[in-house]
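Residue numbers (this note's numbering): 587 to 1080. Every residue, glycine too, gets a C-beta built ideally from N, C-alpha and C. I have placed the structure first, in the form of structure tokens, so that the comments after it can refer back to it.
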């Protein structure tokens, strides 16, 4: 019995189906299960060993999925908003009924603690239902009649969605929810590192969504490239690295596809000297090391005022040393492994580089844990200059530089001195000062006394090289639509 089968049968023996128990799931194309060969081998990051398999789709599979989405588009876009919302809500209910099954699959392939995986699935359900309530109304500039002028929105068409491996179910199906409520149909591709939970959720849509409305295909980088090149896809929604995002834009431009890109970040948290340390230090720990730091909007650079720098660093070091790192299925685990070997090696490289910098000191962590799997402890580094790689580059892992600052002008300039601009946070008792400082930060989102808490009602996205466009809220739904102006000219005089 392999690891997949053992965990799945021990966790949920009453309702797990044979395909999930065997670690082999199929794609969903035109409402039907579809396999493909050869299969992708999915690695369990807690062991480094194979955990399951997923189809590796070819161009014929993609063509079939795009054709199904195109054929389903007129009927789906022609339905009322209420009818689409009802179907989306029913799909969310189906996910909720299998939430624990999906969470177990997610932990096995992604590595995060089972509680975090469960939270991701229930969050996906809640946000899908929230998006089902968003309707983009017509904007009446001048009433229809003589000289009427109205702006309305129509679905952009067939969407190609490419999701990442860090929060695969939530980020993938947020694209699905926004596209479907806008009246689009969609082809969703999960990361080849974490396809299984997405394939399982896609299977739950069969019999609830009309055939072709949601198609889920799995494959490697070549499949993603084929999607951005495909003439039958009207829009690409991509979440991933900035480097890959640039290639997506280049490819999509050849057919003038619309694009929404949510890319990397080097997100600063700025701690003012009056901050309530008893309250904020645990929150900083979560903001930096949640999901093993593998979050686009996680705290990547911690700027602490010089008056409290040493105390904050010391308090965080205590929490970091006590942070339990282990398998996501083990009770008491606070942080799972890094998801894949390449990212694991990158974190090792960045920390080793930081440790060689003059004046650098590693307060906690600093080396991978012994044994199998991609386990790396929460790591804190002080004494770095801003030109250190761990400060300049997005680490996307459990390694955090703690930097000292003296003046507000200085820290704002240093926080903005990056090619990224996704999010930032300011921590202080002085809310008026924080709001003033927030206006000077070149990022898409600023939190005050919190970090990494997006809201389904508010747009989220980045400036500079952190992305194009926005997701979530009415602006996010509108990104899956095209504006159409209706102009009624005055009648000619009789």
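Inset, instruction - State the Cα-Cα distance for the pair residue 894 and residue 976, rounded to the nearest angstrom. - result: 22 Å
Legend entry - Exposed unless 16 or more other CB atoms sit within 10 angstroms - verdict on residue 821: buried
Inset, instruction - With a floor of 4 residues, list each alpha helix (DSSP H) that falls wholly inside the region 825-866, ordered by position along the chain. - result: 828-839
Legend entry - Straight-line Cα distance separating residue 817 from residue 646: 14 Å
Inset, instruction - Evaluate residue 666 with the Cβ neighbour count: other Cβ atoms within 10 Å of its Cβ, from every protein chain shown; 16 or more gives buried, anything less gives exposed. - result: exposed
Inset, instruction - State the Cα-Cα distance for the pair residue 967 and residue 889, rounded to the nearest angstrom. - result: 12 Å
Inset, instruction - Mind checking who residue 948 pairs with in its DSSP beta bridge? - result: 967
Inset, instruction - Output the distance between the C-alpha atoms of residue 601 and residue 676, rounded to the nearest integer angstrom. - result: Because the pLDDT at residue 601 is just 38, under 50, the model does not fix this residue reliably, and the value given afterwards should be weighed accordingly. In a straight line, the C-alpha of residue 601 is about 19 Å away from that of residue 676.
Legend entry - Touching by the beta-carbon criterion (3+ pairs, under 8 Å), the region 849-864 and the region 1011-1024: yes
Legend entry - Local Cβ density within 10 Å of residue 907, reported as buried at 16 or more and exposed below that: exposed
Inset, instruction - Out of 993, 903 and 712, point me to the one whose CA is closest to residue 949's CA. - result: 903
Inset, instruction - Evaluate residue 714 with the Cβ neighbour count: other Cβ atoms within 10 Å of its Cβ, from every protein chain shown; 16 or more gives buried, anything less gives exposed. - result: buried
Legend entry - For residue 934 and residue 960, the rounded distance between their alpha carbons: 11 Å
Legend entry - Validate contact between the region 977-995 and the region 878-888 using beta carbons, cut 8 Å, 3 pairs: yes
Legend entry - Residue of 698, 883 and 727 minimising C-alpha distance to residue 1037: 883
Inset, instruction - Please check the pair residue 704 and residue 671, which I expect to be a contact at CB under 8 Å, by giving their CB distance rounded to whole angstroms. - result: In fact, because the Cβ distance is near 25 Å, the residues do not count as touching under 8 Å.
Legend entry - Per DSSP, cross-strand counterpart(s) of residue 746: 773 and 822
Inset, instruction - Name the one or two DSSP bridge partners that residue 990 has. - result: 890
Legend entry - Close beta carbons around residue 879, own chain, < 6 Å, minus the five adjacent residues each side: 983 and 984
Inset, instruction - In the DSSP assignment, find the alpha helix (DSSP H) that holds residue 613 and state where it starts and stops. - result: Careful: residue 613 lies outside any alpha helix (DSSP H), inside the beta strand (DSSP E) at 613-615.
Inset, instruction - Locate the alpha helix (DSSP H) running through residue 1062, then write down its first and last residues. - result: 1059-1064
Inset, instruction - Measuring alpha carbon to alpha carbon, tell me which of 771, 790, 611 and 955 ends up nearest residue 682. - result: 790
Inset, instruction - For residue 912, count neighbouring Cβ atoms within 10 angstroms of its own Cβ and tell me buried if that reaches 16, exposed if not. - result: buried
Inset, instruction - Give every residue of the same chain whose Cβ lies closer than 7 Å to the Cβ of residue 1060, excluding the five residues on either side of it in the sequence, and list them in chain order. - result: 720 and 722
Legend entry - Distance, residue 981 Cα to residue 936 Cα: 7 Å
Inset, instruction - Output the distance between the C-alpha atoms of residue 619 and residue 773, rounded to the nearest integer angstrom. - result: 14 Å
Legend entry - Residue from 866, 1067 and 929 whose Cα sits closest to the Cα of residue 1011: 866
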